[in-house]
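Below: one structure, written as structure tokens.
Number of protein chains: 2
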Amino acid sequence: MADATRDQILAAATRLMAAHGVAGTSIQDVADAVSLRKASVLYHFPSKDALRKAVIDALLTRWRDVLPRLLLAGDMDPEARLDAVMGEFITFFSADTDRARLLVRELLDRPAELEPYLVETIGPWLRVIALALDAGKSRGLVRTGADLRNLPVLLGTLVLSAIAAWDSLGFMAREPGADAEGARTRYHTELMRIARASLFPDSVPALHRDPMT
Amino acid sequence: MADATRDQILAAATRLMAAHGVAGTSIQDVADAVSLRKASVLYHFPSKDALRKAVIDALLTRWRDVLPRLLLAGDMDPEARLDAVMGEFITFFSADTDRARLLVRELLDRPAELEPYLVETIGPWLRVIALALDAGKSRGLVRTGADLRNLPVLLGTLVLSAIAAWDSLGFMAREPGADAEGARTRYHTELMRIARASLFPDSVPALHRDPMT
DNA sequence: CCTACCGATCGGTAGG
DNA sequence: CCTACCGATCGGTAGG
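For the protein sequence lines, the chains are U and S, in the order given.
Per numbering that gives the first Met the number 0, residue 0 is the first one in the first sequence, and the count goes up by one each step.
Per numbering that gives the first Met the number 0, residue 0 is the first one in the second sequence, and the count goes up by one each step.
Set out below in structure tokens:
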């Protein structure tokens, strides 16, 4: 079933559309990247829009593979759950930063089209997390001031955009003479710390190690 | 000196480029929006790239007007300074969300071109804030765990992207039957709360009211 | 998967 | 600020 040529086109289109946007990527650009003629690309994907949809769909399908690991994580305490969810989130997008850039671009370009996907793939996760956090609140494990309706969306936005902007903004955080890999790890560690600090009172110590280190 | 036609073109280009990106906006689109011919737009701005640069430049010039208010804020304590900076940041971008969308797009499309502007207009602010925060750390006013090299960039990214994504993601936070204006205020309030929680230990109470309310 | 081709639109110019 | 026009490129199709 694996169509090697189709996969190569998809990979090239993903890279180009993440870097330059859909409007900034022509079918000819994709064809050049895989050493084919434009008409051959259109044989595998009947239109530019079909190619774009296939790129986004591949990304969201991969995300759906990650999701169950989070929802079925059983009766974790709020802190362990946050670490698990944020860790998977950071791992997923930093493993391929094209994913983050593509999603940010789609959020800006076609919010209405992305909305049902968000409701379907992020909605259930949001509800489960909000429930767990609300239970944690009454047990004093979660900050009473936290706005549980906005916080998860904002933390998701933070991870997504921070990773999408890493190539553009990472230089501002890199101290001279430090290794690039270490700088990225510290960037992710600080993402996790912000999330924890926004959710948990200081009296609840971090129980779990940073999944990024 | 005010050129009304030029300003109208600039305003239309700002709106269109924020919504559809530079590559997704043609000179014809801009001309249609101001009821001119394409050649007339090119009389006021010699090329599409000159138009784009004028749009970005107008945005960054406005930001430069806000900046001194932050840097010259005198000997504020860390908490008051965070409230002032975050408040100005949120006010600036939420007053016109095109600004946030345009900047996010430029960060993705032309990071190398934006870098000198960032270093010039954000760099000094970052250094002053980092110094003030570091002083606050030794006085126990700032969390010792905070990574002061990454935190300011991440909080800036959070505000920028959260406001850019409001139109796309705000629906996830809006409870049914709530007024839209109140929902947006609560969104901004939670942004402020995340920033404060990431920076200050719980033992330091919030001294200043939310500048958003 | 290719060659050859289509009409539409692109950014930009000449000239008034 | 307009009309008229330029070559290049766009997404897409026919036909093999």
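From the three backbone atoms N, C-alpha and C, an ideal C-beta is built for every residue, glycine too.
Interface residues of chain S facing residue i [CB-CB closer than 8 Å]
i, result
"V152 of chain U", "L168, M171, A172"
"R100 of chain U", "L107"
Where residue i meets chain U, residues with beta-carbon distance less than 7 Å
i, result
"E189 of chain S", "D146, N149, L150, L153"
"A161 of chain S", "L153, T156"
First and last residue of the uninterrupted alpha helix (DSSP H) at residue i
i, result
"E105 of chain S", "96-108"
"S39 of chain U", "37-43"
"E174 of chain S", "Where E174 of chain S is concerned, there is no enclosing alpha helix (DSSP H), given that its DSSP letter is neither H nor E."
"A163 of chain U", "150-163"
"L15 of chain S", "3-19"
Own chain residues within Cβ distance below 8 Å of residue i, not counting five before or after
i, result
"R185 of chain S", "A172"
"D56 of chain U", "none"
"K37 of chain U", "I26, Q27, A30"
"E105 of chain U", "I55, E112, L113"
"R51 of chain S", "A12, M16, V21"
"M211 of chain U", "Reliability of the predicted coordinates at M211 of chain U is poor, the pLDDT of 46 falling under 50, and the value obtained from them is presented with this limitation in mind. G86, I89, T90, T184, H187, T188, M191, listed in sequence order."
"T14 of chain U", "Just to set this straight, residue 14 of chain U is Arg in the shown sequence, not Thr. Only A32, D97 meet the Cβ criterion."
Close-in-space but distant-in-sequence residues of the same chain around residue i (CB under 7 Å, 5 per side omitted)
i, result
"A194 of chain S", "L81, M85, L154"
"S93 of chain U", "I162, H187"
"L147 of chain U", "A129, L132, D133"
"L9 of chain S", "A53, V54, A57"
"P200 of chain S", "R142"
"D209 of chain S", "Any reading at D209 of chain S must be qualified, since the residue scores a pLDDT of 45, below 50, and its modelled position is unreliable; the value itself is stated next. So the list reads T188, M191, once near-sequence residues are dropped."
As assigned by DSSP and simplified to three states, the class of residue i
i, result
"H207 of chain S", "Since pLDDT at H207 of chain S reaches only 41, below the 50 mark, its modelled position is unreliable, and no value is offered."
"R138 of chain S", "coil"
"V118 of chain S", "helix"
"A83 of chain U", "helix"
"M75 of chain S", "coil"
"S167 of chain S", "helix"
"T24 of chain S", "coil"
"S93 of chain U", "helix"
"F88 of chain S", "helix"
"L198 of chain S", "helix"
"M113 of chain U", "The question names Met, but residue 113 of chain U in the sequence shown is Leu. Three-state result, L113 of chain U: helix."
"I193 of chain U", "helix"
"D48 of chain S", "helix"
"D146 of chain U", "coil"
"V29 of chain S", "helix"
Chain S residues whose Cβ lies nearer than 7 Å to that of residue i
i, result
"I128 of chain U", "By Cβ distance, chain S contributes nothing, its closest Cβ being about 12 Å from I128 of chain U, past 7 Å."
Proximal residues of chain U, C-beta to C-beta of residue i below 9 Å
i, result
"A164 of chain S", "V103, L106, L107, P110, V152, T156, L159, S160"
"R185 of chain S", "D146, R148, N149"
Proximal chain U residues relative to residue i, where beta-carbon distance stays under 8 Å
i, result
"L113 of chain S", "S167"
"L59 of chain S", "Those do not exist, as L59 of chain S stays about 15 Å from chain U at its closest Cβ, beyond 8 Å."
Chain S contact residues for residue i, given Cβ-Cβ distances below 9 Å
i, result
"L125 of chain U", "M171"
"R142 of chain U", "R192, A196, D201"
Given a limit of 9 Å on CB to CB distance, which residues of the segment 16-49 of chain U reach chain S?
A17, A18, H19, G20, V21, A22, G23, T24
Anything in the segment 190-201 of chain U with a Cβ closer than 7 Å to a Cβ of chain S? List those residues in chain order, please.
L190, R192, I193, A196, S197, P200, D201
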